[in-house]
Amino acid sequence: MRTKDLFDFGPVFGYFFRKKDPNRHTNFNLRTMHTINKISMLMFLAGLIYMLFKFVILR
């Protein structure tokens, strides 16, 4: 596995910025689930950035 593969965030950004599919049926539960998933991914990335900052800068 290469270093480039470790930092490939394309699928993550694709999840946040994809277009709405008019053929896909959505309801409140599905929208809520996706919103919670997005929040949890943002919190994980924020924590990861914080840990990298703490490790690299404040070492």
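So that you can map any letter, position 8 of the sequence shown is 11 in the numbering used here, and since no number is skipped, the others follow by simple counting. Glycine included, every Cβ here is placed at the ideal spot set by N, Cα and C.
So residue i and residue j are supposed to be a Cβ contact under 8 Å. How far apart are they, rounded?
i: Met36; j: Val15; result: Their Cβ separation, rounded to whole angstroms, is 17 Å, which puts Met36 and Val15 out of contact at 8 Å.
i: Lys41; j: Phe19; result: 6 Å
Which ranges does the beta strand (DSSP E) cover as unbroken runs of at least 3 residues, wholly within the segment 19-47, from first to last along the chain?
-> none
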